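Quick note: the sequence shown, position 159, residue 384 per this note's numbering, numbers continuous.
Notes follow once the structure below has been shown.
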Amino acid sequence: MLVSVLSYFLTADLIEQGCIVDWQSVGMTSGTILLGISALQTLGAVVARGFRGRAARRRYLARRSDFNQRLQAGLQWARAAKPTFKAWSGTRPFRVSAVVDEATDCKSFYLTPADGRPLPRFEPGQYLTFDLQTDPRRRPLVRCYSLSERPREDFYRITIKRTGAPLGKSDLPPGQGSSFFHDQIHVGSTLEVQSPQGIFFLDPTDDGPVVLIGAGIGITPLLSMANSIVHQQSRRKVFLLAGFGNSREHPFRSRFLELASCDNLHLDLSYSRPTPADTLGRDFDHRGRIDIARLRQVLPSSNFRFYVCGPAPMMESLVPALLEWGVPESHLHYEAFGPASVKVGRSANLDAGPCHVKFTQEGESYTWTGEHPSLLDFAESQGVALDCGCRAGNCGQCLVTVREGKIAHAKEPGSPVGDHECLTCIAVPQGDVVLDS
Ligand SMILES: Cc1cc2nc3c(=O)[nH]c(=O)nc-3n(C[C@H](O)[C@H](O)[C@H](O)COP(=O)(O)OP(=O)(O)OC[C@H]3O[C@@H](n4cnc5c(N)ncnc54)[C@H](O)[C@@H]3O)c2cc1C
């Protein structure tokens, strides 16, 4: 319609100006114009369709990438959240490819698979369990160590602090596992390693702001998390609160400086016993330990997800204080490297009144009065020897069958536990029980 009207006026204009020679030329001219306009219309339609097509494709690709990311995150979550998931079963030999001094009595061990097969991914925050052949005449010593670097394809890294005898008890032998690593493991040593596991890890489906709190050697899983977030170039806001005695006991100092220069990461460094050379404001931010008062100074609110790992006294005071500050239990994730007795949620409500505990190997019943934190401690106090490893519900070494009665776990087990089984290091009886020991 538009085209016909246009050509009518154009032709009329030409006749008025006396330019018309004959009707054939008029026909030819208007035909050409018509053709040109129709070609332009077609071209316009094609270009518009092209743009629409490109926009639709962009939308499709964005939706597909979003879907893939969610699927990947869901898979990652499902894989890691299931303590029974193992990238390999039993142990796998790993060769130590490097040993690095990180601080006083603190070393990193870089591990590569001795079988040359690929290195499975893990979730930042998870740990490795080692079957250490400290004495060829005895069963391996089982110990857990957190992965201290982000997931990489070329190596796993663990960082170990040498554990001495407890303060004032120098007659006791030093820690067996950590001494074995420090004194007998070198580049080229081979270690038997179980698959990465653990339920203390960053939720891969969440990109909200996060607070990472680590003290002493408890910094290792938090460093893996921080490195992982920074490596992904995520804009996720991170508050990293780290506490050490002083600069000499502070592992990964140069890495901490790099992390502090990231726009989305706020580092707050506490030294409880700074050396004369450590300067407040230059080398560290706060003199003292990380406590709730410091958290309230550093954080704008309690509205974050918290990941906490550190010595037992810190865990036992900080975790309840965070709950009191209004952090929901679902936003509070913590890991103890040993038998810290943090009592929140399920563990706070365990009613372990007097009852009888029988160990089948002994055939004898003992009276549980509730004064021991776990069945393992109780058994040891009665002179009953049970297998154990980490004493924190992670390595699975203290797993026994519950023949009769009911038990409760004070925290979620970090390794697989069947229906009629329990991890004695974190279990308490719920009435009379018989344990297959
Ligand atoms: C999930 C998880 C992750 C971990 N990650 C790390 C990590 O990244 N880095 C790290 O360094 N550690 C980590 N740990 C801790 C680690 O597993 C060991 O617990 C730690 O190395 C100490 O073990 P050990 O064998 O050296 O000491 P043990 O031999 O278990 O001794 C522990 C203490 O008991 C004392 N002791 C010895 N005999 C007696 C006795 N008869 N009576 C009383 N006390 C005695 C020892 O002197 C020592 O102080 C982690 C633990 C867990 C559960």
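Even for Gly, the Cβ is constructed at its ideal location relative to N, Cα and C.
Note that the coordinates shown come from a computational prediction; the quantities given were computed from them, not determined experimentally.
Could you pull the start and end residues of the beta strand (DSSP E) that Thr316 belongs to? Thr316 to Ala328
Whole-angstrom Cβ separation of Pro446 and Glu560, contact assumed at under 8 Å? 6 Å
In angstroms, rounded to a whole number, what distance separates the CA positions of Gly315 and Ser420? 8 Å
Which ranges does the alpha helix (DSSP H) cover as unbroken runs of at least 4 residues, wholly within the stretch 534-559, from first to last along the chain? With a minimum length of 4 residues, the continuous alpha helix (DSSP H) runs that stay inside the stretch 534-559 are 537-549.
Please confirm whether Leu600 and Val659 have their CB atoms less than 8 Å apart. no
Within the continuous alpha helix (DSSP H) that includes Gln419, where are the two ends? Taken as a continuous stretch (DSSP letters only), Gln419 belongs to no alpha helix (DSSP H), being part of the beta strand (DSSP E) at Thr415 to Gln419.
Identify every residue that forms a DSSP beta bridge with Phe664. Because the chain spans 226 through 662 in this model, residue 664 falls outside it and cannot be assessed.
Pick from Asp408, Phe347 and Arg514: whose alpha carbon is nearest that of Gly535? For Gly535, the nearest C-alpha among the options comes from Arg514.
Hey, is Ala617 close to ligand 1, as in C-beta under 7 Å from one of its heavy atoms? Yes, since a heavy atom of ligand 1 falls inside the 7 Å radius drawn around the Cβ of Ala617.
Residue from Cys613, Glu596, Pro579 and Leu648 whose Cα sits closest to the Cα of Asp657: Pro579
Contact between the stretch 492-507 and the stretch 393-408 is defined here as three or more beta-carbon pairs at a separation below 8 Å; is this criterion met? no
For Leu482, count the other beta carbons within 10 Å of its own beta carbon; 16 or more makes it buried, fewer makes it exposed. Which is it? exposed
DSSP state of Ile651, grouped into three classes? coil
Identity of the residue in Val436, Thr359 and Pro338 nearest Ser527 by Cα: Val436
Whole alpha helix (DSSP H) runs in the stretch 570-647 with 4 or more residues, listed along the chain? 570-573 and 600-606
For Thr257, which three-state DSSP category applies? Assigned with DSSP and collapsed to three states, Thr257 falls in helix.
Would you say the beta carbon of Lys332 comes nearer than 7 Å to a heavy atom of ligand 3? Ligand 3 is absent from the structure shown, which contains only ligand 1.
Taking Cβ positions only, does Gly614 come closer than 8 Å to chain E? Of the chains in the structure shown, none is chain E; there is only one protein chain.
Once you ignore the five residues that flank Ser640 on each side, which residues in its own chain have a CB closer than 7 Å to its CB? Pro308, Gln422, Asn619, Cys620 and Gly621
How big is the Cα-Cα spacing for Arg284 and Arg277? 10 Å
State buried or exposed for Pro361, treating a residue as buried only when at least 16 other CB atoms are found within 10 Å of its CB. exposed
Where Ile454 falls: helix, strand or coil (DSSP): helix
Kindly examine ligand 1 and report whether one of its heavy atoms sits closer than 7 Å to the Cβ of Tyr370. yes
Nearest CA to the CA of Leu427: which residue from Ile454, Asp330 and His411? Ile454
If you draw a straight line from the C-alpha of Thr329 to the C-alpha of His645, how long is it? 44 Å
Applying the 10 Å Cβ sphere with the 16-neighbour rule, what's the burial state of His456? Residue burial is scored here from C-beta neighbours: His456 has fewer than 16 other C-beta atoms within 10 angstroms and is therefore classed as exposed.
Closest by C-alpha distance to Val625, when choosing among Phe584, Glu637, Tyr591 and Ser590: Phe584
When you measure from the CB of Ser404 to every non-hydrogen atom of ligand 1, does any distance come out below 7 Å? It does: the Cβ of Ser404 is within 7 Å (strictly closer) of some heavy atom of ligand 1.
If distances are taken between C-alpha atoms only, which option among Thr384, Asp488, Ala390 and Phe509 comes closest to Glu327? Closest in alpha carbon position to Glu327, among Thr384, Asp488, Ala390 and Phe509, is Thr384.
May I ask you to report which of helix, strand or coil DSSP gives Leu268? helix
Let's test the definition: count the other Cβ atoms within 10 Å of the Cβ of Asn489 and tell me whether it reaches 16, buried, or not, exposed. exposed
With the cut-off set at 8 Å, would you say Arg368 and Pro338 are in Cβ contact? no
Please report the Cβ distance between Phe310 and Val321, rounded to the nearest whole angstrom; I am assuming they are in contact, meaning their Cβ atoms lie under 8 Å. The Cβ separation is near 26 Å, so there is no contact.
Write down the C-beta distance between Phe469 and Gly506 rounded to the nearest angstrom, noting that I regard them as a contact closer than 8 Å. Their Cβ separation, rounded to whole angstroms, is 16 Å, which puts Phe469 and Gly506 out of contact at 8 Å.
Quick check: the Cα distance between Leu466 and Phe406, rounded to an integer number of angstroms? 28 Å
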